[in-house]
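Protein chains in written order, with this note's numbering: chain A, 1 to 277; chain B, 1 to 277; chain C, 1 to 277.
Backbone N, C-alpha and C define an ideal beta-carbon position, used for all residues, glycine too.
Remember, predicted model here, so these are calculated numbers, not experimental data.
One structure is given below, encoded as C-alpha cells.
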C-alpha cells in the first residue's frame, strides 16, 4: 500500500452522505487519506443546508465550486447519484442510492471472490436475505452477470428480486435461479459462495412481517456442516443476527476480510479515476 | 492557488460552529486545507460540551489551550463572537452571529461585485428579501458604505432594515433608499446588482406571515427582461425558491460564481491573518 | 512540541466515540494531528452503524480491517473498552467508559500536579463533588495510590466513593479519608490540591436530589481565603457552577492549564505507544 501513499497528494474529495453510513464512509475516508487526499463534506444530512430547504443540485454545485476533484455520494433517493453525475463535470462515485445500487460494494465483493478462488467463472453463488430492498445483491448480480456464474437467489417471497433486476439478468442471459428461503439447506451443499444480507428493518413498514422474515434464515455452524469445505460466507455488513458470531471463527467466514478489502478496492478506484495522465 | 498551497503548513484552525452551516463551514475547511492547515472543532453544537452546560468562554478557552492559531466561529447569539474576540489572544473570525453580522460573506460579495465590474464605485445595488432577520445584507451594506454606491433596500415592511442598521448608514452618509417589495419591477431597470436573500423561516414565528412574504418576490426570466444587459444577480445561498432555477442559465446569474469565490476569499483572509512576518 | 511534529506521519488513529465528548475527543484529535497522524472514526454514535443494530465488536473489527494503528474509544458501558482491548491486536486507549475509568485524564491530572509542585509525594489532595458517578476521581485515586499522598474524599453521602474503589485503595494501603461535603471549609486549609468535579445531572435520575447536591458545594474566592497560598484548584472540566468564574483569575486556578496539558500528555502517550522501535 505504501507504493500508493500520497500518490494523490493535494487532491480533494467531497464525501456527501445524505444518509448516514459508517462502513462505506470510513473506508472511503481512509482510502482517500492513504492516498494523501484532503476531505470535505458531511456524514450526516442534518448538518447540511438541505435542512434549510436547499436543492440537492445547489448543494453539489457548491462543492464543485470549491474545487473538489471527486464527489463520493450516498443518497436516500434511487437515481439521485446518477442525476448529479450527469450534471457535473467531475467524477461522481455512487456510495449507495437507497435500494437501487451500491457499485463499489459490488467491486469489493467480486474482488473478494476472485481473491478466494483465483477465478470467478464456473462458481455457484447463492445470495440470501433481503433481495428486494437491499442494494448490494442487485449490484453484485449485475457484476457477476459479466462472468460465467450460476446464481441462486434465496429469499422469502416478500423479499425476492424486483422485476427490473430479473429482467436485466434475463437480457444478459445470466444463469440464475430463485428459491424460497426454506430451501436454503438443500441448496447449500452445491454453493461455492453464500452471500448473506441483512433484513433492513427500515425497509419493512410492518413490524410483524419484519419479525417473521428476520427469523426465516440464520447461518449457524450447524447449517454449515452440509457445505463444501471451500464454501465462503460473505456479508456486506453490518449484520444483525443473520450470521451467528459462532461462525466467525470458521474457515468459511470471509466477511471481515471482505470489509477490509473495501478500503483497498476504494483506494484503487480513486487512484484509477484521479491519477494524472 | 497552488502558489498558496501549504503556505500555512502546521497551523491549526478551530472551526467552532455552534449553529450548523454547510456553505460557510465547508468553504473555510477547504480554504484551511488548501493552505496546509490542520482543523479541529465541531460543525454541530449537539456534539459539544455545551450540551453538558459548559459556558461558551470555557469551551473556547479549551481550544486556545490546545494551541489553535485561529478560531472561526458561528454562534446563534448576536455579539457572541465579538465577546470571545475581546477575551482571547488569537485571531477570531466571525462566521455569522445570528441576525447580526456575516463579515466574510460581505468580503466575498464585494469581491464578486468588483470582479464583475472592475470597480464598485458608481454602481446601483438593490438588496431584496429578508433585510431584518438576515445577516448578509447588513454586513454587505456596511461594506458598500465605504464606496460611492447607491443602495436600494427592497422588502416587505415586516422585513425592512432594523433601525440600528439604518442609523449606521445615515451616520456614514451612505446614499440609500427603501422600497416596498411591490416596486421591485419598477426599480429593477436601474440596477447593476440585484442581491437576493432567502426568507429564513426559522426567523418568522408566524406560519401565515411566512407564507405571505415568501411569495411576495421571486426572480424569474420574465422579470429579468426589464433588467440591464449587465445586471448581475447575487444570492448568499442557500436559496429556497426566491430565484427560479430557470435563471441559473442566464448571463445575469452570478450566485454560484459568488459561492465559489467564498473559498478563495477565505483562503486569502486566513493567509493574510496568519502568514509569518 | 515541534520536535515531535509529524513523528507519526502516516499512522492512522480511529477515534471511536460512542458517547459524545468535546474536550477528550478534540485533545486527542489535535494531539494526533500534531504528530502527523491521519484520523478516522466518529464523534457521535448516531452516525454509526450501531444505529443499524451492529455489535460493538463488528464495528471495531471494521476499523481494524482498514489498517488503523490505534483505537481511541469512549463508550457508555463500563468495561466496554477493556472488552475490546482484549480482543484486538492493536493498542486501544480508554477515553472514558461510563462511570468506570478515564485513565488519560488521570495521566494529565498527575502531570499537572507534578508540574505545579515538582513532586507528588507528600502532598495532601482533596477530591470533591460527584465521587460515585464521576469517572475521573477513581482514575486519579488509582494513579495517586502509587505515591505517598494523603487523599481526602469530600462528597454528599449519596455521591461518596463506590465500594470497589474504596476496597482497591485499602488493598493498596493508600492513606485516604472520607468527609461529608459540609466539612469542606474545615479541611481546605490543609490541602495542597483541591480537585473539583461536576455533578453529572445525567447520572442522578431524581431531579430534586440533583438540585440539592449541586448546591451543596461551590468554590468561591471567599472560600479560598482560608486556603494555603500554594493551593491549586483543579477540575476535569466541563464545569457548570461548581467553581465560580471569579476564581479563574486567582493564582489557585489551574484547571485551564490542566485542560491544555491534556493535549500534550495525549501526544506523549500516542508517541510512546506508536513510535518505531
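Closest by C-alpha distance to residue i, when choosing among the options
i, options, result
"residue 176 of chain C", "C:86, C:123 and C:2", "C:123"
"residue 211 of chain B", "B:221, B:220 and B:200", "B:200"
"residue 224 of chain C", "C:257, C:208, C:166 and C:186", "C:186"
"residue 174 of chain C", "C:153, C:148 and C:183", "C:148"
"residue 100 of chain A", "A:134, A:108, A:73 and A:88", "A:134"
"residue 157 of chain A", "A:118, A:11, A:58 and A:214", "A:214"
"residue 270 of chain C", "C:20, C:22, C:18 and C:39", "C:39"
"residue 254 of chain C", "C:57, C:240, C:120 and C:236", "C:236"
"residue 87 of chain C", "C:98, C:64, C:107 and C:75", "C:64"
"residue 53 of chain B", "C:89, C:198, C:250 and C:126", "C:198"
"residue 146 of chain C", "C:41, C:23, C:171 and C:229", "C:171"
"residue 194 of chain A", "A:82, A:109, A:168 and A:265", "A:109"
"residue 6 of chain B", "B:96, B:78 and B:32", "B:32"
"residue 27 of chain C", "B:41, B:35 and B:27", "B:41"
"residue 234 of chain A", "A:207, A:60, A:183 and A:258", "A:258"
"residue 24 of chain A", "A:4, A:9 and A:106", "A:106"
"residue 166 of chain A", "A:35, A:138 and A:184", "A:138"
"residue 93 of chain A", "A:178, A:60 and A:159", "A:60"
"residue 62 of chain A", "B:242, B:247, B:276 and B:22", "B:22"
Chain-ordered chain B contacts of residue i [CB-CB under 7 Å]
i, result
"residue 259 of chain C", "62 and 65"
"residue 176 of chain A", "The premise fails here: residue 176 of chain A is roughly 42 Å from chain B at the closest Cβ pair, so nothing lies under 7 Å."
Interface partners of residue i on chain A, CB under 9 Å
i, result
"residue 12 of chain C", "30, 33 and 34"
"residue 239 of chain B", "53, 54, 55 and 58"
"residue 263 of chain B", "65, 66 and 67"
"residue 117 of chain C", "Residues of chain A passing the Cβ test: none, with the nearest at roughly 42 Å."
DSSP beta-bridge partners of residue i
i, result
"residue 232 of chain C", "C:193"
"residue 175 of chain A", "A:150"
"residue 74 of chain A", "A:17"
"residue 208 of chain C", "Answer by DSSP bridge pairing: none, since residue 208 of chain C is not bridged."
"residue 126 of chain A", "A:152 and A:194"
"residue 253 of chain C", "C:233"
"residue 180 of chain A", "A:155"
"residue 219 of chain A", "A:243"
Which of helix, strand or coil DSSP assigns to residue i
i, result
"residue 147 of chain B", "coil"
"residue 160 of chain A", "coil"
"residue 68 of chain B", "coil"
"residue 199 of chain A", "coil"
"residue 3 of chain C", "coil"
"residue 54 of chain C", "coil"
"residue 224 of chain B", "helix"
"residue 133 of chain C", "coil"
"residue 79 of chain C", "coil"
"residue 138 of chain B", "helix"
"residue 238 of chain A", "coil"
"residue 275 of chain C", "coil"
Listed by chain order, chain C residues near residue i by CB distance under 7 Å
i, result
"residue 27 of chain A", "66"
Closer than 7 Å at the beta carbon, the chain A residues around residue i
i, result
"residue 18 of chain C", "Within chain A, no residue comes near residue 18 of chain C; the closest Cβ sits about 12 Å away, beyond 7 Å."
Contact list for residue i against chain B, beta-carbon separation under 8 Å
i, result
"residue 167 of chain C", "Within chain B, no residue comes near residue 167 of chain C; the closest Cβ sits about 30 Å away, beyond 8 Å."
"residue 220 of chain C", "Those within 8 Å of residue 220 of chain C in chain B number zero; the least Cβ separation is about 16 Å."
"residue 147 of chain A", "Simply none; closest approach about 41 Å."
Under 8 Å by beta carbon: chain C residues contacting residue i
i, result
"residue 97 of chain B", "In chain order: nothing, as chain C lies at least about 20 Å away."
Listed by chain order, chain A residues near residue i by CB distance under 8 Å
i, result
"residue 38 of chain C", "30, 33 and 34"
Where residue i meets chain C, residues with beta-carbon distance less than 9 Å
i, result
"residue 5 of chain A", "10"
Beta-carbon neighbours of residue i, restricted to chain B and to distances below 9 Å
i, result
"residue 256 of chain C", "58, 61, 62, 64 and 65"
"residue 153 of chain A", "Result: empty, since nearest Cβ-Cβ is about 40 Å, beyond 9 Å."
**Request:** Ignoring anything shorter than 3 residues or poking outside the segment 84–121 of chain A, list the beta strand (DSSP E) runs there in chain order.
**Result:** Assignment of beta strand (DSSP E) within the segment 84–121 of chain A, counting only whole runs of 3 or more residues, yields 92–97 in chain order.
**Request:** Jot down the residue ranges of each uninterrupted beta strand (DSSP E) in the segment 8–43 of chain C, minimum 3 residues, whole runs only, in chain order.
**Result:** The DSSP assignment places 12–17 and 38–42 as complete runs of the beta strand (DSSP E) inside the segment 8–43 of chain C, in order along the chain (cut-off: 3 residues).
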